[in-house]
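S.K.: Supplied in structure tokens, the structure appears directly below.
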Amino acid sequence: MDYDLSRLGSREFEHLSQALAKRVLGPGVSVFGDGKDGGREASFAGPVPYPHSGQEWDGYGVIQAKFKQRTDGVSSGTEWLERQIKAEFTAWLDPQSKRGRRPEYVLFTTNVVLSPVPGSGGIARIERLITSYATQLELRGWAVWHFDEICRYLDINDAVRRAYAGFVTPGDVLSRLLATVTDADAETTELIRAHAGRELLTDQWIRLGQAGASAGNQRLGLGPVAVDLRAALGHPDHPSAGNSEPSRRTNSSSTHAAAYIIERGNRVLRPSQQEKPDPRHIVLFGGPGQGKSTLGQLVCQAYRIALFNEGEHLLPGQVREILRTLRQDLTAIGLPSPKSLRWPIRIVLNDYANAILGGEDVSLLSYLARKINHRATETITGAHLKRWLRTWPWIVILDGLDEVASMHTREDMMSRISDFLIEAHESDADLLVVATTRPQGYQGEFHDGDYETLKLLPMSTKDASLYADRLAHARHLDDPDMRDTVLQRIATSFRDPGTTHLMSTPLQVTIMSLLLEERARMPQNRYELFDAYYDTVYAREVAKPGGVGQLLAENRRHIDWVHEHVALLLQSRAGQARKLDALLEEDDLRRRIRHRLLEETEDPLRAEGLAGQLLSAATDRLVLLVAPDAGYIGFEIRSLQEFMAARALISGPEGDIVPRIESLAADSSWRNTWMLAVAGLFTHRPHLRGDLLNALRQLDSRDTVAMTLLPGAQLALDLLDDDVTRQHPRFHNLLVQHVTALIGQGPRGDLFINGFADILVRAAEHHDQARAMIEYAIKDALSARDARLLTALQILTGWHGGERALGRAARKLLAAAISRLTDDERAAAIVFSVQDWADPIPGLPRHGAMPVEGDSNLADLLRPHLTDSARNTPAGRILLDALEGCPVHHVIIAGVVTACANPYMLDIPVVLPGEGLPELQHACIAVIRSQGIAAWDIGMTFLGILEKLVFSDSQYHGMPHVFGLS
């Protein structure tokens, strides 16, 4: 059988060559990893059973892989291979090449087809070439495994063929699978084909495609508006201050997320093929509306196209047409086609959590089998899928961990996901998992040793413009005048500082584009953006002829209440254990609407009839609410649910609003709703702005834990980043004043990861008084001569490259501060400067010293601050056991010993037992306060541990009470 070697690429062809060499030449073959190979992918020393028994090679030999990216023809391939071999031989003969020992035997592997024509064919030409060098190199034997040879070796080596089946199975992959993998069964293969075709149809649309569409506009396809979003690469060993938010090198270049995921999938990821235990999987972080789910949808579609690439003639006409159109669309945006033809699966984690809450013991494979069987004529079982997992490479998108807000439900679900990963590992499965989540509330559920992090970046003006252009062409294909009008207004909005920050995510650009079809003035904050969108959708539906338009016009306040009530109810339920997330029973909602109408009309018959009409109008015409499953209602877009919940929070008696917002401030599952509510308050309740900022300050003075973590100051920083106070200088300066408290703390990696220095720059440039307060706080921190000094140095480092007045002032302050550093401070700053999340501090050397493990661990630091009773509580024992597994390391710089730890070595449960948590928190605070500047990293690590303890404690108080709302 002829295999398709073209998809392997150089890296995987090298690995395939190594695997075949081990099979054919025996276990004595030593393989070399990626990087400079010194003229060899593998080598052997001593006898090997090749070429056959009785004529064995016996000596030192090397294996070299030669992969040609494009095999245009037999003749050109032969000439290319001749050049490659000549270059290798020339290097071996060059005494300056530093290649070391010359081989006695050489084996070349190549994907090039060599003609067997005697005397003049490629095989003969290569043989003559090697013979001409044999005497000079003192070769005793040689061989070339060309395309046909490798195919024959794959025929007889089932294990290697199976490992690389996703790359080398030719033609119509699913049809030829049975010939490639011996234990694949025809029934499962056909079911997989049918499922992939159905999912290709299902995933062709983007969410929000129908919402707000005017007459004549159709649903928006994924392909015409698809863009590959930019993301920052994380680092698996980076300490993120215990906040468990995604880490990234702030000075690293970004990548395109979908292309990066596909490139990761272009490797054989079977555990048996891994040379070192690097993270195989990816966790993708993104904020509200940044496109995490759509990106997963896009990646899955790319894999489905690749799977059907040469078998589309077997598909129904509708699927064929979508396949061809989508292929063209993805090619147009430069998205690479996958080389490893993984079977793509996207699992919405909220749906999986709800299945678990249904009371069944649902493994991930069983749940997946149920999903496939939902629309299938044949039945597939978990056993079928397990065999398929062992047989064929998979990519599994686990979408939306953040939408499973209940920690108890999340732990239950993650346990089942872990079981699946263990099962996959034991099956030696070629599995790539991509998990998506918001950073808020993430508690490190996806283990850092297994997952690399990608963090979606805000869209640049260029990327947002490109997306807006694709969106306008898709929506107004037949109306070029409207398209040009919208694009002109978009361009104007990008030039307006008041609106450009509202076009940093795909969702925001989509909504802005819809609004600009009918209005020229743009909203100034995110709350106004969603509010204008809802008004636009409502006005369009009211304007349509017929009874539904009139119904909506006459019952606006009831329809508003339905959306707000459902949103608030779902948001409140999301964090409660054993509650279905993001869905409300339709009968329950109908009953609630009827009850509200009965209070207003006192007419049971009218209330009953109108309740059904309003529910139908809300779900069928406005389409913010949808019925994803029979008998259930929910929001299609989570950000719209959060906006409607925010509307509810700032409604009702004014005396209730600020206490209500204050009560939700510390809960991460409410964070986006909270931010929207504050923006709405600034817009619609301006007289409450001062009360709100006072409430934020009070958050930081409640107790010693709050004074250490400063949750109010962190929220104030988020509000500055969201530009809520752009139009309100007085309140902008009050927020800046509050945020400067964070400058007066030791370093916090999570703040710098999330752009602390950049936010301060924007705030300082907005108002002279804000700049003066920030500069004063920095100078105060520089004079402190403790860990606060490092925070100030890092902020100045982030500013020092600027050309404006702030950059000039930062360079001057930074140079003066560096010149005054003591030995201890300089050593601490040098170690700080090389952290993956930090920008290198100018004027300091980059050290290469490796951390040396000391004779103590983090538990030794905490234990003296605990009473015997606290140590012996369940939470105390669990925490101390975890801390004992995290040694304290030392880095010596110019004779100064600095202490550090790697919090990724900590395995602290997401939720600890409740007894003793307060004393553990205060013990952490004592450790933090006792660390000198040389142990700044220890203080930062314990700050992260303190945040975990506070999070655990919050789980025992239930969901926060939404003050003033039933």
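Residue numbers (our numbering): 56 to 1021. A virtual CB, placed ideally from N, CA and C, is assigned to each residue, including glycine.
(1) Among the candidates ILE712, ILE400, LEU935, ARG984, whose CA atom is the shortest distance from the CA of LEU961?
(2) My understanding is that ALA956 touches THR996, with C-beta atoms under 8 Å, so please give their C-beta distance in whole angstroms.
(3) Using the beta-carbon count (16 or more within 10 Å), is GLY155 buried or exposed?
(4) Mind checking who LYS510 pairs with in its DSSP beta bridge?
(5) Nearest CA to the CA of LEU571: which residue from ASP539, PRO561, ALA357?
(6) Classify GLN849: buried if its beta carbon has 16 or more other beta carbons within 10 angstroms, exposed otherwise.
(7) Is CYS941 helix, strand or coil by DSSP?
(8) ALA100 bridges to which residues according to DSSP?
(9) Run the CB neighbour count on GLY344, radius 10 Å, all protein chains shown included, and call it buried at 16 or more, exposed below.
(10) Please work out which residues of its chain come closer than 7 Å, Cβ to Cβ, to SER72, disregarding the five sequence neighbours upstream and downstream, and give them in chain order.
(11) Count the other CB atoms, across all protein chains shown, that sit within 10 Å of the CB of TYR315; report buried if there are 16 or more and exposed otherwise.
(12) Which residue's Cα is closest to the Cα of TRP854: LEU444, VAL816, GLY455?
(13) Is it right to say ASP568 is buried, meaning 16 or more other beta carbons lie within 10 angstroms of its own, or is it exposed?
(14) Pop quiz: ALA989 and ALA954 are said to be a contact at Cβ under 8 Å. What is the actual Cβ separation, rounded to whole angstroms?
(15) On the CB-based measure, 16 or more other CB atoms within 10 Å of its CB, does SER299 come out buried or exposed?
(16) Within the stretch 888-972, note down every full beta strand (DSSP E) run reaching 3 residues or more, in order along the chain.
(17) How would you write the range of the beta strand (DSSP E) that PHE737 sits in, first residue to last?
(18) Can you round the beta-carbon distance between ARG647 and HIS620 to whole angstroms, since I take them to be within the 8 Å contact cut?
(19) Any chance the stretch 916-934 sits against the stretch 865-880, with 3 or more Cβ pairs inside 8 Å?
(20) With DSSP as the reference, label TRP443 as helix, strand or coil.
(21) Quickly, what does DSSP pair THR492 with across the bridge? List them, please.
(22) Please report the distance separating the alpha-carbon of SER515 from that of SER559.
(23) Could you give the DSSP three-state label for THR164: helix, strand or coil?
(24) With a CB to CB cut of under 7 Å and the five nearest residues on each side skipped, what residues in its chain are close to ILE337?
(25) Can you give, in chain order, each stretch of the alpha helix (DSSP H) that sits fully within the stretch 798-838 and has at least 4 residues?
(26) Taking the continuous alpha helix (DSSP H) assigned at HIS70, which residues delimit it?
(27) CA-CA distance, GLN373 and LEU350?
(28) Does the distance from the CB of PRO399 to the CB of VAL354 come in under 9 Å?
(29) Are the beta-carbon atoms belonging to VAL907 and VAL966 less than 9 Å from one another?
(30) Identify whether ASP59 lies in helix, strand or coil by the three-state DSSP scheme.
(31) For VAL223 and TYR58, which I take to be in contact (beta-carbon distance under 8 Å), what is that distance rounded to the nearest angstrom?
(32) Quick one: what does DSSP say HIS855 is sitting in, helix, strand or coil?
(33) What are the boundary residues of the beta strand (DSSP E) that includes GLY689?
(34) Determine which residues share a DSSP beta bridge with PRO106 and list them.
(35) Starting from ILE988, trace the alpha helix (DSSP H) both ways and give me its first and last residue.
(36) If contacts are defined as beta-carbon pairs under 8 Å, then LEU797 and LEU772 qualify, I think. What distance do you get, rounded to the angstrom?
M.R.: Put simply:
(1) For this step, residue 961 is matched to residue 906 along the sequence shown. Nearest of ILE712, ILE400, LEU935, ARG984 to LEU961, Cα basis: LEU935.
(2) Position 901 of the sequence shown, counted from the first residue, corresponds to residue 956. Position 941 of the sequence shown, counted from the first residue, corresponds to residue 996. Sure, about 5 Å apart at Cβ, within 8 Å.
(3) As a first step, residue 155 is located in the sequence shown; it is residue number 100 there, counting from the start. So GLY155 counts as exposed.
(4) In the sequence shown, residue 510 corresponds to position 455, counting from 1. For LYS510, which the question treats as bridged, DSSP gives the partners ALA287, PHE340.
(5) Position 516 of the sequence shown holds residue 571. The candidate whose alpha carbon is nearest that of LEU571 is ASP539.
(6) Taking the first residue of the sequence shown as position 1, residue 849 is located at position 794. Answer is buried; the Cβ neighbour count reaches 16.
(7) In the sequence shown, counting from the first residue as 1, residue 941 sits at position 886. Three-state result, CYS941: coil.
(8) In the sequence shown, residue 100 corresponds to position 45, counting from 1. DSSP lists TYR115 as partners of ALA100.
(9) Here residue 344 is taken as the residue at index 289 of the sequence shown, counted from 1. Classification for GLY344: buried.
(10) Taking the first residue of the sequence shown as 1, we reach residue 72 at position 17. The residues are GLU96, ILE118, ALA120, THR164.
(11) Residue mapping note: residue 315 aligns to position 260 of the sequence shown, counting from 1. Looking at its Cβ environment, which holds 16 or more other Cβ atoms inside 10 Å, TYR315 is buried.
(12) Counting from one through the sequence shown, the residue named residue 854 turns up at place 799. Selected option, being the one with the closest Cα: VAL816.
(13) The residue you call residue 568 lines up with position 513 of the sequence shown. Looking at the sequence itself, residue 568 is Ser, so the reference to Asp does not match. Buried, since its Cβ has 16 or more Cβ neighbours within 10 Å.
(14) Here the question's residue 989 lines up with position 934 in the sequence shown. Here the question's residue 954 lines up with position 899 in the sequence shown. Confirmed, about 7 Å.
(15) By one-based count along the sequence shown, residue 299 stands at place 244. For SER299, the predicted structure reports a pLDDT of 33, less than 50, and the residue's modelled location is therefore unreliable. The matter cannot be settled from this model.
(16) 907-912, 942-948, 951-955
(17) Residue numbering aside, residue 737 sits at position 682 when the sequence shown is read from its first letter. Segment 726-739 is the alpha helix (DSSP H) holding PHE737; no beta strand (DSSP E) there.
(18) Here residue 647 refers to the residue found at position 592 when the sequence shown is read from its first residue. Here residue 620 refers to the residue found at position 565 when the sequence shown is read from its first residue. Confirmed, Cβ separation roughly 7 Å.
(19) no
(20) Taking the sequence shown and counting its residues from 1, one reaches residue 443 at position 388. Here DSSP, grouped into helix, strand and coil, assigns TRP443 to helix.
(21) Counted from its first residue, the sequence shown places residue 492 at position 437. Bridge partners of THR492: PHE340.
(22) Locating residue 515 in the sequence shown gives position 460, where the first residue counts as 1. Locating residue 559 in the sequence shown gives position 504, where the first residue counts as 1. Each residue's alpha carbon lies about 7 Å from the other.
(23) Within the sequence shown, the letter at position 109 stands for residue 164. Residue state, collapsed to three classes: strand.
(24) In the sequence shown, the residue the question calls residue 337 occupies position 282. Correct list, in chain order: ILE316, ARG319, VAL489, TYR506, GLU507, LEU509.
(25) Correct list: 804-808, 811-821, 823-837.
(26) Against the sequence shown, residue 70 aligns to sequence position 15. Where HIS70 is concerned, the enclosing alpha helix (DSSP H) stretches over 64-80.
(27) By 1-based counting over the sequence shown, the position of residue 373 is 318. By 1-based counting over the sequence shown, the position of residue 350 is 295. Straight-line Cα distance between these residues: approximately 24 Å.
(28) As a first step, residue 399 must be located in the sequence shown, where it is residue number 344. As a first step, residue 354 must be located in the sequence shown, where it is residue number 299. Against a cut-off of 9 Å, the Cβ pair of VAL354 and PRO399 comes out as a contact.
(29) Here residue 907 refers to the residue found at position 852 of the sequence shown. Here residue 966 refers to the residue found at position 911 of the sequence shown. No, the pair does not count as a contact, with Cβ atoms beyond the cut-off.
(30) As a position in the sequence shown, residue 59 is number 4, starting the count at 1. The answer is coil: DSSP assigns ASP59 none of H, G, I, E or B.
(31) Sequence index remark: in the sequence shown, residue 223 carries index 168 (1-based). Sequence index remark: in the sequence shown, residue 58 carries index 3 (1-based). Indeed they touch by this definition, with Cβ atoms about 4 Å apart.
(32) What you label residue 855 is simply residue 800 of the sequence shown in a count that begins at 1. It is coil, neither helix nor strand.
(33) For the purposes of this step, residue 689 is taken as residue 634 along the sequence shown, with counting starting at 1. Run containing GLY689: 687-690, per the beta strand (DSSP E) assignment.
(34) Walking along the sequence shown from the start, residue 106 turns up at place 51. In DSSP, PRO106 forms a bridge with GLU111.
(35) Against the sequence shown, residue 988 aligns to sequence position 933. From DSSP, ILE988 is part of no alpha helix (DSSP H); its letter is neither H nor E.
(36) Along the sequence shown, read from residue 1 onward, the residue named residue 797 stands at position 742. Along the sequence shown, read from residue 1 onward, the residue named residue 772 stands at position 717. Yes, they are in contact, since the Cβ atoms of LEU797 and LEU772 sit about 7 Å apart, within 8 Å.
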